[in-house]
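J.:
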Amino acid sequence: MNKKVAIVGASGYSGEELVRLLLNHPHAELTAVTSRSCAGRTIAQVLPRFALQPRAKSLRFTQPNAERLAKQAETVFLALPHGVAAEYAVPLLQRGCQVIDLSADFRVKNAAVYKEFHAHDHAAPDLLEKSVYGLPEIYRAQLKNAPLIASPGCYPTSVLLPAIPLLRDGLVKPTGIIADSLSGVSGAGRKLEPDYLFVERNESARPYGVPKHRHLSEMEQELSLAAKTPVTIQFTPHLIPMNRGILTTLYLAPAEHFQSRTGVSPVSGSSNSATLDQVAEKISACYQSAYGDEPFVRLLDPGQSELPDTRNVVGTNVIEIAWRLDPRTGRLVVMSALDNIVKGAGGQAVQSFNIMCGFPETAGLV
Ligand SMILES: NC(=O)c1ccc[n+]([C@@H]2O[C@H](COP(=O)([O-])OP(=O)(O)OC[C@H]3O[C@@H](n4cnc5c(N)ncnc54)[C@H](OP(=O)(O)O)[C@@H]3O)[C@@H](O)[C@H]2O)c1
């Protein structure tokens, strides 16, 4: 039987992606979409690219109202700005709905950490412990029947999926990790702010949120859980003139010193460290064991020249991951690419929805 689903904030970029995925989902029936500014208009009028879908011609945007939504849907996706989700999540959960939140509101488990990074108290701290972090490749078992899923966004997904297996297996040091991310402008949402106007962003690239971007809180939470020790990372996001896509590069120190093929250990000078090939074999085995069977993780073969490219993943729920050991610096460089609105938002949320409901994990996503 199909699940009745609703989207709150369906006129934003993540909401629109959810509309696309859920209109085409074999086990979901889209019963409500909300937007304060588009209320009264059909999906086809607001988002004409869906105009050929019969449902898009009949389903109208409404003002968001938790009581009404709880009668219309069993699962409600929240695609709202930060800080707004609790206003809807609390009454929806009380009325028996399952909630999948795409914002950062329920991702951090500790209310004090939330306040430190978001500069305001959490509106529903009791729910933080109850939410499941919606990274399916890491929390698949916990997502089954979860009432509240905190679906991680684009930057955390692009950092966590490459880094977690390495930390979990003790293959890299939990210190000195650096992550640089390049993001398309849709990552900022469909809002009218001078910073995001075409003329401001076209032909321009710049960092922002340095040195304490708010997503660091959840990244460090999840990396620390993987490493079983507190992890602090240096993270610098950059806006680049691209519509969608995230490219992340991580710089890590292998736990084992390795010798270059010329026999010189770049870090310690020690002669009893592992060879580059031995370290490479362990990293390769680690990624294969973590993601070899994952439908949405594409591991690029380190023996080939291919590296992650946003053009390979845009419009898909796939994350590409590649890595290289640098014998000159002794570092491990790991790179990832994903679509911020699909694997980094709506697609990942639907992947979690599939797991939560017991549907095939790839339903509606391939
Ligand atoms: N964009 C991305 O790449 C991305 C990636 C991962 C996660 N996320 C997260 O997903 C969430 C949505 O992001 P987005 O980029 O899709 O945002 P967006 O494009 O700005 O859309 C926000 C949506 O929420 C509605 N909304 C705004 N304020 C509201 C309020 N107070 N009450 C009810 N509805 C409200 C808006 O419609 P009305 O104003 O008409 O009501 C709109 O439909 C954010 O928390 C964001 O951090 C975004």
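Under the numbering used here, the letters of the sequence shown match residues 62 to 427, in that order.
For glycine and all other residues, C-beta sits at the position ideal for the given N, C-alpha and C.
Predicted model only: the values in this text are computed from it and were never measured.
Does any heavy atom of ligand 1 sit closer than 7 Å to the C-beta of A406?
T.: Here residue 406 refers to the residue found at position 345 when the sequence shown is read from its first residue. Checking the Cβ of A406 against ligand 1 gives yes.
J.: So the candidates are I344, R275, T336; which of them puts its Cα closest to the Cα of E177?
T.: Position 116 of the sequence shown, counted from the start, is the residue given in the question as residue 177. Of the listed residues, the one whose Cα sits closest to E177 is R275.
J.: Under three-state DSSP, which class holds L130?
T.: The residue labelled residue 130 in the question sits at position 69 within the sequence shown. In the structure shown, L130 sits in a helix (DSSP, three-state: H, G or I).
J.: Tell me, please, whether the segment 216-226 touches the segment 191-203 by the rule of three or more beta-carbon pairs shorter than 8 Å.
T.: Yes, since at least three Cβ pairs between the segment 216-226 and the segment 191-203 fall closer than 8 Å, the two stretches touch.
J.: May I ask which residues mark the beginning and end of the alpha helix (DSSP H) holding Y257?
T.: Within the sequence shown, residue 257 is the residue found at index 196, counting from 1. Element bounds for Y257: n/a, residue is neither H nor E.
J.: Within the same chain, show all residues whose beta-carbon is closer than 7 Å to that of R262, passing over the 5 residues directly before and after it, in chain order.
T.: Start at 1 with the first residue of the sequence shown, and residue 262 comes out as number 201. Counting only Cβ-Cβ distances below 7 Å, and skipping sequence neighbours, we find V246, L300, P302.
J.: Opposite R385 in the DSSP bridges: which residues?
T.: The sequence position of residue 385 within the sequence shown is 324, counting from 1. Answer by DSSP bridge pairing, in chain order: V394.
J.: Is Y312 helix, strand or coil when you go by DSSP?
T.: Residue 312 sits at position 251 when you count from the first residue of the sequence shown. In this structure, Y312 counts as strand in the three-state DSSP scheme.
J.: Using DSSP with H/G/I as helix, E/B as strand and the rest coil, what is P369?
T.: Taking the sequence shown and counting its residues from 1, the one referred to as residue 369 is at position 308. P369 falls in the coil class under three-state DSSP.
J.: Using the Cα positions of P186 and Y175, report the straight-line distance between them to the nearest angstrom.
T.: Numbered from its first residue, the sequence shown carries residue 186 at position 125. Numbered from its first residue, the sequence shown carries residue 175 at position 114. Rounded to whole angstroms, P186 to Y175 spans 9 Å at the Cα level.
J.: Tell me whether the beta-carbon of L163 lies closer than 8 Å to the beta-carbon of K191.
T.: As a position in the sequence shown, residue 163 is number 102, starting the count at 1. As a position in the sequence shown, residue 191 is number 130, starting the count at 1. No, these two residues do not count as a Cβ contact at 8 Å.
J.: Buried or exposed for T95, going by 16 or more other Cβ atoms inside 10 Å?
T.: Residue mapping note: residue 95 aligns to position 34 of the sequence shown, counting from 1. Flag for T95 reads buried.
J.: Ignore the nearest five residues each way along the sequence and tell me which others in P115's own chain have a CB closer than 7 Å to its CB.
T.: Position 54 of the sequence shown, counting from 1, holds the residue named residue 115. For P115, where only same-chain residues beyond five positions count, there are no Cβ hits under 7 Å.
J.: Determine the DSSP secondary structure at L113, reduced to helix, strand or coil.
T.: The residue given as residue 113 occupies position 52 in the sequence shown. Looking at L113 - three-state DSSP - the assignment turns out to be coil, as it is neither helix nor strand.
J.: On the DSSP bridge assignment, give the partners of A240 in chain order.
T.: On the sequence shown, position 179 is the one that residue 240 refers to. DSSP output for A240 lists F296, L311 as bridge partner(s).
J.: Could you check if H274 belongs to the surroundings of ligand 1, using beta carbon to heavy atom distance under 7 Å?
T.: Here residue 274 corresponds to residue number 213 of the sequence shown, with the count starting at 1. Result no, Cβ not under 7 Å from ligand 1.
J.: Can you give me the C-alpha to C-alpha distance between L253 and R267, rounded to a whole angstrom?
T.: What you label residue 253 is simply residue 192 of the sequence shown in a count that begins at 1. What you label residue 267 is simply residue 206 of the sequence shown in a count that begins at 1. Those two C-alpha atoms are separated by around 19 Å.
J.: Is the beta carbon of S334 less than 8 Å from the beta carbon of Q349?
T.: As a position in the sequence shown, residue 334 is number 273, starting the count at 1. As a position in the sequence shown, residue 349 is number 288, starting the count at 1. Going by C-beta atoms, S334 is not nearer than 8 Å to Q349.
J.: Determine whether the beta carbon atoms of V160 and L189 lie at a separation below 8 Å.
T.: Along the sequence shown, read from residue 1 onward, the residue named residue 160 stands at position 99. Along the sequence shown, read from residue 1 onward, the residue named residue 189 stands at position 128. Not a contact, by the Cβ cut-off of 8 Å.
J.: Is any heavy atom of ligand 2 found at a distance shorter than 7 Å from the C-beta of A71?
T.: Because ligand 2 does not appear in the structure shown, any question about it cannot be addressed here, the ligands present being ligand 1.
J.: Return yes when at least one heavy atom of ligand 1 lies under 7 Å from the C-beta of S219, else no.
T.: Along the sequence shown, read from residue 1 onward, the residue named residue 219 stands at position 158. No, since every heavy atom of ligand 1 falls outside the 7 Å radius drawn around the Cβ of S219.
J.: Curious, which full-length beta strand (DSSP E) runs of at least 3 residues does the segment 137-217 contain?
T.: Counting whole runs of 3 or more residues, the segment 137-217 contains the beta strand (DSSP E) stretches 159-162, 209-211.
J.: The beta strand (DSSP E) with A93 in it runs from where to where?
T.: For the purposes of this step, residue 93 is taken as residue 32 along the sequence shown, with counting starting at 1. That run of the beta strand (DSSP E) goes 89-95.
J.: I need the straight-line Cα distance from T136 to Q295, nearest angstrom please.
T.: The count along the sequence shown starts at 1 and reaches residue 136 at position 75. The count along the sequence shown starts at 1 and reaches residue 295 at position 234. C-alpha separation (whole angstroms): 36 Å.
J.: Exposed or buried, what is V427 when buried is set at 16 or more other beta-carbons lying within 10 Å of its beta-carbon?
T.: Here the question's residue 427 lines up with position 366 in the sequence shown. When all chains shown are included, V427 counts as exposed.
J.: For I382, tell me which candidate among L204, L130, I307, A249 has the shortest Cα-Cα distance.
T.: Along the sequence shown, one-based indexing puts residue 382 at 321. When only C-alpha atoms are compared, the closest one is I307.
J.: Throw me the rounded Cβ distance for the S219 and S397 pair, which I believe falls under 8 Å.
T.: As a first step, residue 219 is located in the sequence shown; it is residue number 158 there, counting from the start. As a first step, residue 397 is located in the sequence shown; it is residue number 336 there, counting from the start. That belief holds up - the Cβ atoms of S219 and S397 are roughly 5 Å apart, short of 8 Å.
J.: Are the segment 389-396 and the segment 149-159 touching by the rule of at least three beta carbon pairs closer than 8 Å?
T.: Too few Cβ pairs lie closer than 8 Å, so no.
J.: Taking the straight line between their C-alpha atoms, what separation do you get for V66 and I238?
T.: Here residue 66 corresponds to residue number 5 of the sequence shown, with the count starting at 1. Here residue 238 corresponds to residue number 177 of the sequence shown, with the count starting at 1. Approximately 40 Å between the Cα atoms of the pair.
J.: Locate the beta strand (DSSP E) running through I68, then write down its first and last residues.
T.: Start at 1 with the first residue of the sequence shown, and residue 68 comes out as number 7. Here the beta strand (DSSP E) through I68 covers 64-69.
J.: Should G248 be listed as close to ligand 1, given that the test is whether its C-beta is under 7 Å from any heavy atom?
T.: Your numbering for residue 248 matches position 187 in the sequence shown. Yes, ligand 1 has a heavy atom inside 7 Å of this Cβ.
J.: Ends of the beta strand (DSSP E) at R81?
T.: Indexing the sequence shown from 1 puts residue 81 at position 20. Premise fails: R81 lies in the alpha helix (DSSP H), 74-84, not in any beta strand (DSSP E).
J.: Nearest to Y74 by CA position, among P142, A211, A93, H88, is which residue?
T.: Position 13 of the sequence shown, counted from the first residue, corresponds to residue 74. For the residues P142, A211, A93, H88, the minimum Cα distance to Y74 belongs to P142.
J.: Quick check on the DSSP output: the beta strand (DSSP E) that includes V358 runs from which residue to which?
T.: Numbered from its first residue, the sequence shown carries residue 358 at position 297. Per DSSP, V358 belongs to the beta strand (DSSP E) from 358-360.
J.: Is there contact here, the segment 274-288 with the segment 344-359, by at least three beta-carbon pairs under 8 Å?
T.: At 8 Å Cβ cutoff, the stretches do not touch.
J.: Can you say whether P87 is buried or exposed, counting buried as having 16 or more other CB atoms within 10 angstroms of its CB?
T.: Sequence index remark: in the sequence shown, residue 87 carries index 26 (1-based). Answer is exposed; the Cβ neighbour count stays below 16.
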